[in-house]
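Visitor: Chains X and A supply the protein sequences, listed in that same order.
Quick note, the first sequence lines up with residues 1 to 207 if you use the working numbering.
Quick note, the second sequence lines up with residues 208 to 396 if you use the working numbering.
Beta carbons: idealized from backbone N, C-alpha and C, even for Gly.
A quick note: this is a predicted structure, and the numbers were derived from the prediction, not measured.
Got a structure for you, written out below as structure tokens; questions coming shortly.
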Amino acid sequence: MRTAVLARTRVAIVVAAVLASGALGAEHYARLIAPYYAIAARCIAAPRPWTVTDLRVVDDDRSPGIVLRLQGAVRATPSDTAVAATTVSRMHVGAVIETPLVLWTVLALWPVSTPRMRWRLLAAGIPLWVALEILATVVPLLGPLAAASAVLAGAADPLTLWDHWSRFLETGGRFALPLAAGMLLAASARMSARRVAGDDVTVQQRR
Amino acid sequence: MDARARKVHRTQATAPGAPLLRAAAFPIRFFVLFAVLACASEAVRGGPGETAWVQHLFLQPTAALINALEPGEHAVVAGRAIASQTSMLRVTRGCEGTELLLLLFGAILAYPAGLLIKTRGLIAGVALAYGLGIARLLALHYPLSSAPHAWEALHGLVLPALPLALIALYFMSWSAAAAATTGAHGGAR
């Protein structure tokens with residue numbers, strides 16, 4: 001019982017520290033990782049009639065605060081050279097840092113038996129973090145380009161799968177996705193560690 | 208070893224991924240349930256029921272609390288916004304507190320516990336999530352009028368994530384109690 005209370009207290013302290021550091025460091029994090037977002041966005045846009053003209057952290061001109069802003073150009077078809085529409089999409093830097101904060105908090109707090117397992121779990125989290133950044137930040141920023149393409153193609157309802165994904169993220173998916181992914185990674189890391197431990201025991205018995 | 212026991216033994220022996228599936232069951236169930244609930248919530252969004260839900264359950268109590276705390280504010284609900292003398296708080300998707308309820312329902316329904324334990328957990332959890340939703344709207348209203356730069360940090364990260372962290376702590380307490388109760392009753396799930 002006391003152990004459970006101590007565990008919850010530890011979680012509460014870590015969460016408070018993470019929130020404080022996130023609130024203070026959101027802008028710096030967004031500035032640091034913006035080049036990665038730009039590369040990822042341009043890779044996704046390349047086979048489509050889209051051009052990511054600019055992606056940077058700026059002061060929002062519509063509301064108080066700082067946003068990650070993506071400016072894009074949309075052509076009617078991939079072979080066209082003329083720009084048919086331009087788009088601007090914004091995401092508050094606080095929202096940008098939410099997904100990585102949740103993921104790394106889960107991986108940092110997940111109960112493991114040894115520090116070595118903790119480091120292995122955190123290392124395994126890096127590719128997951130890289131992938132989640134695209135799903136949670138780059139894809140929503142590209143949503144308006146998809147909507148513009150749909151309008152140019154004559155779609156009556158320009159609500160695209162990209163928009164549905166953005167709405168899912170805004171309805172709590174931004175938290176549910178890294179929570180589930182982090183727990184899944186931690187569970188699989190624990191099982192693989194047990195399997196390795198089991199193999200060690202088998203080898204020792206054979207000797 | 209009787210026939211049934213042999214069958215179970217054989218199944219366990221031929222399914223090396225079974226422990227991994229068991230360990231992964233909760234996060235997968237949680238995410239699938241959350242996704243289903245989020246899609247259902249999205250399907251009714253913008254309809255008269257959803258607007259009434261947000262206005263009556265979240266916006267009007269918040270406006271009433273603002274007026275009770277500061278009668279000079281004259282806060283009123285205008286569509287999906289709380290308008291007062293000093294600010295206009297537009298409550299968009301994800302700000303009204305619905306996602307807290309969806310995450311809570313997803314987590315509790317996915318957890319392997321009895322129906323009664325889950326029902327108790329949901330009742331207390333919904334009350335907590337509702338209170339946190341109202342508190343979040345109040346906490347968004349005051350900095351918007353008095354400290355716009357603090358509002359950015361609060362709106363962007365702290366106020367979405369802090370209620371979620373409190374819900375997560377509640378879930379940890381509930382699941383620990385549920386596991387203890389289930390264990391005390393001989394593992395009946």
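For the alpha helix (DSSP H) that Trp-129 of chain X lies in, which residues bound it at each end?
Guide: Within the first sequence, the letter at position 129 stands for residue 129 of chain X. That run of the alpha helix (DSSP H) goes 115 to 133.
Visitor: Expressed to the nearest angstrom, what Euclidean distance is found between the alpha-carbon atoms of Ala-387 of chain A and Leu-307 of chain A?
Guide: Taking the second sequence and counting its residues from 1, one reaches residue 387 of chain A at position 180. Taking the second sequence and counting its residues from 1, one reaches residue 307 of chain A at position 100. Each residue's alpha carbon lies about 25 Å from the other.
Visitor: Would you give the residue range spanned by the alpha helix (DSSP H) that Ser-89 of chain X belongs to?
Guide: The count along the first sequence starts at 1 and reaches residue 89 of chain X at position 89. Here Ser-89 of chain X belongs to no alpha helix (DSSP H); instead the beta strand (DSSP E) covers 85 to 92.
Visitor: Taking only runs of the alpha helix (DSSP H) that begin and end inside the stretch 133 to 189 of chain X, which ones reach a length of at least 4 residues, in chain order?
Guide: Fully enclosed alpha helix (DSSP H) runs of 4 or longer: 139 to 152, 161 to 168.
Visitor: For Thr-389 of chain A and chain X, any beta-carbon pair shorter than 8 Å?
Guide: Locating residue 389 of chain A in the second sequence gives position 182, counting from the first residue. Cβ-Cβ to chain X under 8 Å: no for Thr-389 of chain A.
Visitor: Could you spell out where the alpha helix (DSSP H) holding Arg-327 of chain A opens and where it closes?
Guide: Residue numbering aside, residue 327 of chain A sits at position 120 when the second sequence is read from its first letter. Here the alpha helix (DSSP H) through Arg-327 of chain A covers 322 to 353.
Visitor: With burial defined as no fewer than 16 other Cβ atoms inside 10 Å of the residue's Cβ, what is the status of Trp-110 of chain X: buried or exposed?
Guide: As a working note, residue 110 of chain X is residue 110 in the first sequence. Trp-110 of chain X is buried by the Cβ-count criterion.
Visitor: Just to confirm, is the Cβ distance from Leu-101 of chain X to Gly-22 of chain X under 8 Å?
Guide: Working through the first sequence from its first residue, we reach residue 101 of chain X at position 101. Working through the first sequence from its first residue, we reach residue 22 of chain X at position 22. Cβ atoms of Leu-101 of chain X and Gly-22 of chain X: closer than 8 Å.
Visitor: Restricting to Cα atoms, I'd like to know which of A:Leu-347, A:Thr-258, A:Leu-244 is closest to Ala-290 of chain A.
Guide: The residue you call residue 290 of chain A lines up with position 83 of the second sequence. The residue with the shortest Cα to Cα distance from Ala-290 of chain A is A:Leu-347.
Visitor: In this structure, does DSSP put Gly-279 of chain A in helix, strand or coil?
Guide: Against the second sequence, residue 279 of chain A aligns to sequence position 72. The answer is helix: DSSP assigns Gly-279 of chain A an H, G or I state.
Visitor: Does Ser-21 of chain X get closer than 8 Å to chain A when you measure Cβ to Cβ?
Guide: Mapped onto the first sequence, residue 21 of chain X falls at position 21. False, the Cβ-Cβ gap to chain A never drops below 8 Å.
Visitor: DSSP three-state call for Ala-76 of chain X: helix, strand or coil?
Guide: Within the first sequence, residue 76 of chain X is the residue found at index 76, counting from 1. Of the three classes helix, strand and coil, the one that applies to Ala-76 of chain X here is coil, per DSSP.
Visitor: Using the beta-carbon count (16 or more within 10 Å), is Cys-302 of chain A buried or exposed?
Guide: Position 95 of the second sequence holds residue 302 of chain A. Buried, because 16 or more other Cβ atoms sit within 10 Å of the Cβ of Cys-302 of chain A.
Visitor: For chain X, is any of its Cβ atoms less than 8 Å away from the one on Ile-235 of chain A?
Guide: Position 28 of the second sequence, counted from the start, is the residue given in the question as residue 235 of chain A. Output row for Ile-235 of chain A: interface = yes.
Visitor: Identify every run of the alpha helix (DSSP H) within the stretch 258 to 318 of chain A, keeping only runs that are complete inside it and at least 4 residues long; order them along the chain.
Guide: Here the runs fully enclosed are 267 to 276, 305 to 317.
Visitor: Let's test the definition: count the other Cβ atoms within 10 Å of the Cβ of Met-183 of chain X and tell me whether it reaches 16, buried, or not, exposed.
Guide: Taking the first sequence and counting its residues from 1, the one referred to as residue 183 of chain X is at position 183. Met-183 of chain X should be labelled buried.
Visitor: Under 8 Å by Cβ, that's how I've got Leu-68 of chain X and Val-96 of chain X pegged, so tell me the actual separation to the nearest angstrom.
Guide: As a first step, residue 68 of chain X is located in the first sequence; it is residue number 68 there, counting from the start. As a first step, residue 96 of chain X is located in the first sequence; it is residue number 96 there, counting from the start. Yes, Leu-68 of chain X and Val-96 of chain X are in contact; Cβ-Cβ is about 5 Å, under 8 Å.
Visitor: Does any residue of chain X bring its CB to less than 8 Å from the CB of Val-215 of chain A?
Guide: Against the second sequence, residue 215 of chain A aligns to sequence position 8. Residue placement at Val-215 of chain A is poorly supported in this model, since its pLDDT is 46, which falls under 50; the coordinates still yield a value, given next. Val-215 of chain A does not count as touching chain X.
Visitor: Consider the Cβ of Gly-304 of chain A: report whether some Cβ of chain C lies at a distance smaller than 8 Å.
Guide: In the displayed structure, chain C is absent; the protein chains listed are X and A.
Visitor: Run through chain X and tell me which residues come within less than 7 Å of Gly-363 of chain A, C-beta to C-beta.
Guide: Looking up residue 363 of chain A in the second sequence gives position 156. Ala-26, Gly-65, His-92, Val-93, Gly-94, Ala-95, listed in chain order.
Visitor: Going by the beta-carbon positions, is the gap between Leu-152 of chain X and Ala-76 of chain X smaller than 8 Å?
Guide: By one-based count along the first sequence, residue 152 of chain X stands at place 152. By one-based count along the first sequence, residue 76 of chain X stands at place 76. Result yes, Cβ atoms of Leu-152 of chain X and Ala-76 of chain X sit closer than 8 Å.
Visitor: I want to see whether chain X comes within less than 8 Å of Met-295 of chain A, judged by CB atoms only; does it?
Guide: Stepping through the second sequence from its first residue, residue 295 of chain A is reached at position 88. Answer no: the Cβ-Cβ gap between Met-295 of chain A and chain X never drops below 8 Å.
Visitor: From the DSSP secondary-structure annotation, give me the bridge partner or partners of Ile-66 of chain X.
Guide: The residue given as residue 66 of chain X occupies position 66 in the first sequence. Ile-66 of chain X pairs with X:Asp-59.
Visitor: My understanding is that Leu-185 of chain X touches Leu-128 of chain X, with C-beta atoms under 8 Å, so please give their C-beta distance in whole angstroms.
Guide: Sequence index remark: in the first sequence, residue 185 of chain X carries index 185 (1-based). Sequence index remark: in the first sequence, residue 128 of chain X carries index 128 (1-based). Contact flag correct, Cβ pair sits at about 6 Å.
Visitor: Do Val-11 of chain X and Leu-376 of chain A have their beta-carbon atoms positioned less than 8 Å apart in this structure?
Guide: Position 169 of the second sequence, counting from 1, holds the residue named residue 376 of chain A. Position 11 of the first sequence, counting from 1, holds the residue named residue 11 of chain X. Yes, Cβ-Cβ distance for Leu-376 of chain A and Val-11 of chain X is below 8 Å.
Visitor: Would the beta-carbon of Ala-230 of chain A be found less than 7 Å away from any heavy atom of the ligand MG?
Guide: Among the components modelled here there is no ligand, and therefore nothing to report on the ligand MG.
Visitor: On the three-state DSSP scale, how would you describe Thr-81 of chain X?
Guide: The count along the first sequence starts at 1 and reaches residue 81 of chain X at position 81. Reduced to three states, the DSSP call for Thr-81 of chain X is coil.
Visitor: Does the distance from the CB of Ala-288 of chain A to the CB of Leu-276 of chain A come in under 8 Å?
Guide: Along the second sequence, one-based indexing puts residue 288 of chain A at 81. Along the second sequence, one-based indexing puts residue 276 of chain A at 69. No, Cβ-Cβ distance for Ala-288 of chain A and Leu-276 of chain A is not below 8 Å.
Visitor: Determine the chain A residues that contact Arg-167 of chain X at a beta-carbon separation under 7 Å, and present them in chain order.
Guide: The residue given as residue 167 of chain X occupies position 167 in the first sequence. Simply Glu-249, Arg-300.
Visitor: For my contact list, Ala-336 of chain A and Leu-311 of chain A are in at a C-beta cut-off of 8 Å; report their separation, rounded to the angstrom.
Guide: Sequence index remark: in the second sequence, residue 336 of chain A carries index 129 (1-based). Sequence index remark: in the second sequence, residue 311 of chain A carries index 104 (1-based). Right, the Cβ-Cβ distance comes to about 5 Å (below 8 Å), so this counts as a contact.
Visitor: Counting contacts by CB-CB distance shorter than 8 Å, is Ser-382 of chain A in contact with chain X?
Guide: Within the second sequence, the letter at position 175 stands for residue 382 of chain A. By this cut-off, Ser-382 of chain A is not an interface position.
Visitor: Is any beta-carbon of chain X found at less than 8 Å from that of Leu-266 of chain A?
Guide: For the purposes of this step, residue 266 of chain A is identified with residue 59 of the second sequence, where counting begins at 1. Output row for Leu-266 of chain A: interface = no.
Visitor: Which residues of the stretch 1 to 15 of chain X have a Cβ closer than 7 Å to any Cβ of chain A? Give them in chain order.
Guide: Within the stretch 1 to 15 of chain X, the qualifying residues are Ala-4, Arg-8, Val-11, Ala-12, Val-15.
Visitor: Which residues of chain X have a Cβ atom closer than 8 Å to the Cβ of Gly-286 of chain A, listed in chain order?
Guide: Looking up residue 286 of chain A in the second sequence gives position 79. Going along chain X, no residue has its Cβ under 8 Å from Gly-286 of chain A, so there is no contact; the nearest lies around 18 Å.
Visitor: Give the residues of chain X in contact with Glu-277 of chain A, contact being defined as C-beta atoms less than 8 Å apart.
Guide: Residue mapping note: residue 277 of chain A aligns to position 70 of the second sequence, counting from 1. Those within 8 Å of Glu-277 of chain A in chain X number zero; the least Cβ separation is about 21 Å.
Visitor: Between Gly-313 of chain A and chain X, is there a C-beta pair that is closer than 8 Å?
Guide: If you number the second sequence from 1, residue 313 of chain A lands on position 106. Yes, Gly-313 of chain A counts as interfacial toward chain X.
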